[in-house]
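S.K.: So the sequence shown is numbered by our numbering: it starts at 11 and just counts up by one.
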Amino acid sequence: MKPTISTLMLVALITFSCSSDNLENEANAIVNSYVPPTKVIEIEVMELINAYRIQNGLGVLNSLDPIKAEAFGHTDYMIENNEVSHANFHVRRANLINTVNATSVAENVAYGYSSAEAVVNAWLNSEGHKNVIEGDYTHFDLSAEKDEDGKWYYTNIFLK
Numbered sequence: 011m012k013p014t015i016s017t018l019m020l021v022a023l024i025t026f027s028c029s030s031d032n033l034e035n036e037a038n039a040i041v042n043s044y045v046p047p048t049k050v051i052e053i054e055v056m057e058l059i060n061a062y063r064i065q066n067g068l069g070v071l072n073s074l075d076p077i078k079a080e081a082f083g084h085t086d087y088m089i090e091n092n093e094v095s096h097a098n099f100h101v102r103r104a105n106l107i108n109t110v111n112a113t114s115v116a117e118n119v120a121y122g123y124s125s126a127e128a129v130v131n132a133w134l135n136s137e138g139h140k141n142v143i144e145g146d147y148t149h150f151d152l153s154a155e156k157d158e159d160g161k162w163y164y165t166n167i168f169l170k
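What follows is the structure in structure tokens.
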């Protein structure tokens, strides 16, 4: 299903960084609603994370479209700005608290890893990222997108 013009405008509003407090407040009230089709690499990352959680006695995480929509918006933001960051995480967190009643939200981001195994291993070899993967969450979702040079950018959001 192709996104409508109004959906694309909504995505643009949410994903472009602005210094205006008014625009940021408006972004808090608007939730990114476009959910792109899931890619094979995204499924592989989520399966690897769940396999790791099971192996370590942790609960399986379920996917959730509003999480994927937020992750997609941020991944596009990182590509447009040519940087890996947690910029505007407070907006994504507020959107998920307001729309799905999340009580806890965290995210992992990455760039340049060409396989699911590589990005998950990188996260697991970083104490902060590993703590997120092992956290007390019930849901997660992921956006993996390539830039114009074919490099992957990842946003993985977790919530309870």
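Using N, Cα and C, we set each Cβ at its ideal position, and we do this for glycine too.
State the DSSP-derived secondary structure class of V115, mapped to helix, strand or coil.
M.R.: Here the question's residue 115 lines up with position 105 in the sequence shown. Strand at V115.
S.K.: Could you tell me how far apart the beta carbons of S95 and V129 are, in whole angstroms, since I believe they sit closer than 8 Å?
M.R.: By 1-based counting over the sequence shown, the position of residue 95 is 85. By 1-based counting over the sequence shown, the position of residue 129 is 119. With 8 Å as the limit, S95 and V129 do not qualify as a contact, their Cβ atoms being about 16 Å apart.
S.K.: Which first and last residues belong to the alpha helix (DSSP H) in which Y163 is found?
M.R.: In the sequence shown, the residue the question calls residue 163 occupies position 153. Where Y163 is concerned, there is no enclosing alpha helix (DSSP H), although the beta strand (DSSP E) it sits in stretches over 162-169.
S.K.: Between K156, E158, K170, D151, which lies nearest to I59 when the distance is taken from Cα to Cα?
M.R.: Here the question's residue 59 lines up with position 49 in the sequence shown. D151 is the residue among K156, E158, K170, D151 whose C-alpha sits nearest the C-alpha of I59.
S.K.: Verify whether the separation of the beta carbon atoms of S153 and A81 is less than 7 Å.
M.R.: Residue mapping note: residue 153 aligns to position 143 of the sequence shown, counting from 1. Residue mapping note: residue 81 aligns to position 71 of the sequence shown, counting from 1. Contact flag set, yes.
S.K.: For the candidate residues R63, H84, M88, Y44, whose alpha-carbon lies nearest to that of E158?
M.R.: By one-based count along the sequence shown, residue 158 stands at place 148. Of R63, H84, M88, Y44, the residue nearest in Cα terms is M88.
S.K.: In the DSSP assignment, find the beta strand (DSSP E) that holds A154 and state where it starts and stops.
M.R.: Residue numbering aside, residue 154 sits at position 144 when the sequence shown is read from its first letter. Residues 149-156.
S.K.: Could you check whether H84 and T165 sit closer than 7 Å to each other, using their CB atoms as the reference points?
M.R.: Taking the first residue of the sequence shown as position 1, residue 165 is located at position 155. Taking the first residue of the sequence shown as position 1, residue 84 is located at position 74. Between T165 and H84, the C-beta gap is smaller than 7 Å, which places the two residues in contact.
S.K.: A97 by DSSP, collapsed to three states: which one?
M.R.: Counting from 1 along the sequence shown, the entry for residue 97 is found at position 87. In this structure, A97 counts as coil in the three-state DSSP scheme.
S.K.: I51 and A116 - do their beta-carbons sit closer together than 7 Å?
M.R.: Position 106 of the sequence shown, counting from 1, holds the residue named residue 116. Position 41 of the sequence shown, counting from 1, holds the residue named residue 51. No; because the gap between Cβ atoms is not below 7 Å, this pair is not in contact.
S.K.: Checking the sheet assignment: what are the DSSP bridge partners for N72?
M.R.: By 1-based counting over the sequence shown, the position of residue 72 is 62. H149.
S.K.: Can you find the residues in the same chain that come closer than 8 Å, C-beta to C-beta, to Y123, ignoring five residues on each side of it along the sequence?
M.R.: Looking up residue 123 in the sequence shown gives position 113. Closer than 8 Å at Cβ, skipping near neighbours: V129, A132, W162, Y164.
S.K.: Give every residue of the same chain whose Cβ lies closer than 6 Å to the Cβ of E36, excluding the five residues on either side of it in the sequence, and list them in chain order.
M.R.: If you number the sequence shown from 1, residue 36 lands on position 26. The predicted position of E36 is uncertain, since its pLDDT is 32 and thus under 50; a value taken from the coordinates is nonetheless stated next. Nothing meets the Cβ criterion.
S.K.: Do we get a CB-CB distance below 7 Å when we pair L169 with the residues of chain B?
M.R.: The structure shown contains no chain B; it holds only a single protein chain.
S.K.: Who are the Cβ neighbours of E144 in its own chain at under 8 Å, not counting the five residues just before and after it?
M.R.: Residue numbering aside, residue 144 sits at position 134 when the sequence shown is read from its first letter. So the qualifying residues of the chain are R63, N66, L68.
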